[in-house]
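K.L.:
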Ligand SMILES: Nc1nc2c(ncn2[C@@H]2O[C@H](COP(=O)(O)OP(=O)(O)O)[C@@H](O)[C@H]2O)c(=O)[nH]1
Ligand SMILES: [Mg+2]
Ligand SMILES: [Zn+2]
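Residue numbers (the numbering used here): 268 to 553.
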């Protein structure tokens, strides 16, 4: 399934081309990227009978609900840009959510034409060593550097609105016509012009999914162990603190703090971990 319009889902088939489908009954938990079995009902139309088991399901969570964004993706690309203001907190949350789903992630540092771009690159410089490549580009002009990373992958583009996801899609697929938000920069905030995820197949193999902008990304459903094991920079030190339930704050013989002191873990990563931990503690106290 590559696009949803209300209760209708566009499904690509090898033999019948693209079909406009509905689901049986009232269940509509079909997600962009799903592989489905369907019955042809009339030319160009079908009914989705079942959804194949997913290899991954990327969800966004906020205070109120969990919403599936895309199924079967093989990697997540998080788009950041210096304007409108980007959030490193949100970037780290997306990286953690990808890692928790065992999905590789990469960072697209967009809008390289803006003068604040080098400062943003400095801020994301710690991530390649954690296994997250940073690809610097200008979506409006040249996206060549990104293409080798996309081949034969099903890549989900996520990020705050206004970062340039739809512009990237339009540069990759000149016929895509993804709705670009033109007024966001002046207001220093995004407007959600992309309302549903949509999949675009790449000619060279693979596909890209554009998704609606994220403004927050709660991770309070994750346990402390989930969080720690989704932080590649923490992994080598886990289990090495004196206390098994060490919170890496002021405990003696804390392996994580030692790694921070010696520069092996960035202190902003420990800060991030502690924010997530206290958020989860607050939630379980409710
Ligand atoms: N200067 C500059 N602006 C860009 C670039 N890419 C996108 N934009 C602008 O950023 C705004 C938001 O883009 P859009 O693709 O809608 O972002 P989305 O919300 O992430 O899909 C639009 O005004 C784009 O023209 C870029 O590389 N450089
Ligand atoms: Mg968009
Ligand atoms: Zn510790």
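We put the CB at the ideal spot given by N, CA and C, even for glycine.
Closer than 6 Å by C-beta to residue 534: which residues in its own chain qualify, once you throw out the five before and the five after it? Chain order, please.
P.N.:
Once the five neighbours on either side are set aside, the close Cβ partners of residue 534 are 527.
K.L.:
Go through its chain and collect everything with a Cβ distance to residue 532's Cβ below 8 Å, but skip five positions before and after it.
P.N.:
Answer for residue 532: 500, 501, 504, 523 and 526, listed in chain order.
K.L.:
Using the three-state DSSP reduction, which class does residue 312 fall into: helix, strand or coil?
P.N.:
If DSSP states are grouped into helix, strand and coil, residue 312 belongs with the strands.
K.L.:
Looking at residue 535 and ligand 2, is the gap between the Cβ and the nearest heavy atom below 8 Å?
P.N.:
Because no heavy atom of ligand 2 lies under 8 Å away, the Cβ of residue 535 does not count as near it: no.
K.L.:
Along the alpha helix (DSSP H) that carries residue 527, what are the first and last residues, could you check?
P.N.:
Unbroken alpha helix (DSSP H) run through residue 527: 522-528.
K.L.:
Using a Cβ-Cβ cut-off of 9 Å, state whether residue 419 counts as contacting chain B.
P.N.:
Here chain B cannot be found, since the structure has a single protein chain.
K.L.:
Nearer than 8 Å: is that true of the beta carbon of residue 430 relative to any heavy atom of ligand 1?
P.N.:
Flag set: Cβ of residue 430 near ligand 1.
K.L.:
For residue 507, which three-state DSSP category applies?
P.N.:
Correct three-state label for residue 507: coil.
K.L.:
Can we say the segment 388-399 touches the segment 324-332, given the rule of at least three CB pairs closer than 8 Å?
P.N.:
At 8 Å Cβ cutoff, the stretches do not touch.
K.L.:
What is the DSSP secondary structure of residue 281, reduced to helix, strand or coil?
P.N.:
DSSP places residue 281 in coil when its eight states are reduced to three.
K.L.:
Just verifying my parser: in three-state terms, what is the DSSP assignment at residue 455?
P.N.:
For residue 455, the predicted model reports a pLDDT of 42, less than 50, meaning its position is unreliable; a value from the coordinates is still stated below. Residue 455 falls in the coil class under three-state DSSP.
K.L.:
Could you tell me if the beta carbon of residue 357 falls within a distance shorter than 8 Å of some heavy atom in ligand 1?
P.N.:
Residue 357 Cβ: outside cutoff for every heavy atom of ligand 1.
K.L.:
Taking the alpha-carbon of residue 312 as reference, which of 301, 285 and 516 has the nearest alpha-carbon?
P.N.:
It is 285 whose Cα lies nearest to the Cα of residue 312.
K.L.:
What is the C-beta distance between residue 484 and residue 361, in whole angstroms, given that I count them as a contact (C-beta under 8 Å)?
P.N.:
Rounded, the Cβ-Cβ distance is 6 Å, consistent with contact.
K.L.:
So residue 377 packs on residue 406, CB below 8 Å; how close in whole Å?
P.N.:
At roughly 5 Å, the Cβ-Cβ gap stays under 8 Å, so residue 377 and residue 406 are in contact.
K.L.:
In the structure shown, what three-state DSSP assignment does residue 532 receive?
P.N.:
Reduced to three states, the DSSP call for residue 532 is coil.
K.L.:
Assign residue 539 to one of three DSSP states: helix, strand, or coil.
P.N.:
DSSP places residue 539 in helix when its eight states are reduced to three.
K.L.:
Can you list, in chain order, the stretches of the alpha helix (DSSP H) that have 4 or more residues and sit fully within the segment 406-437?
P.N.:
Whole alpha helix (DSSP H) segments, 4+ residues: 414-417.
K.L.:
So residue 474 and residue 421 are supposed to be a Cβ contact under 8 Å. How far apart are they, rounded?
P.N.:
Indeed, because the Cβ distance is near 5 Å, the residues count as touching under 8 Å.
K.L.:
Indicate, with yes or no, if ligand 1 has a heavy atom lying under 8 Å from the CB of residue 433.
P.N.:
Yes, the beta carbon of residue 433 sits closer than 8 Å to at least one heavy atom of ligand 1.
K.L.:
If you run the structure through DSSP and keep just helix, strand and coil, what is residue 274?
P.N.:
The answer is coil: DSSP assigns residue 274 none of H, G, I, E or B.
K.L.:
Ordered along the chain, which non-local residues of its own chain (more than five positions away) have a Cβ less than 7 Å from that of residue 335?
P.N.:
Cβ neighbours of residue 335 beyond the five flanking positions: 298, 324 and 326.
K.L.:
What first and last residue would you give for the beta strand (DSSP E) that runs through residue 499?
P.N.:
No beta strand (DSSP E) contains residue 499, which DSSP labels as neither H nor E.
K.L.:
Between which residues of its own chain and residue 379 is the CB-CB distance below 8 Å, once the five residues before and five after are set aside?
P.N.:
Excluding positions up to five away in sequence, the list reads 403, 404 and 405.
K.L.:
Using only the heavy atoms of ligand 1, determine whether one of them is closer than 8 Å to the beta carbon of residue 346.
P.N.:
Yes - ligand 1 has a heavy atom lying nearer than 8 Å to the Cβ of residue 346.
K.L.:
On the DSSP letters alone, give me the boundaries of the beta strand (DSSP E) that residue 477 sits inside.
P.N.:
That run of the beta strand (DSSP E) goes 474-477.
K.L.:
Do the CB positions of residue 319 and residue 347 come within less than 9 Å of each other?
P.N.:
Against a cut-off of 9 Å, the Cβ pair of residue 347 and residue 319 comes out as no contact.
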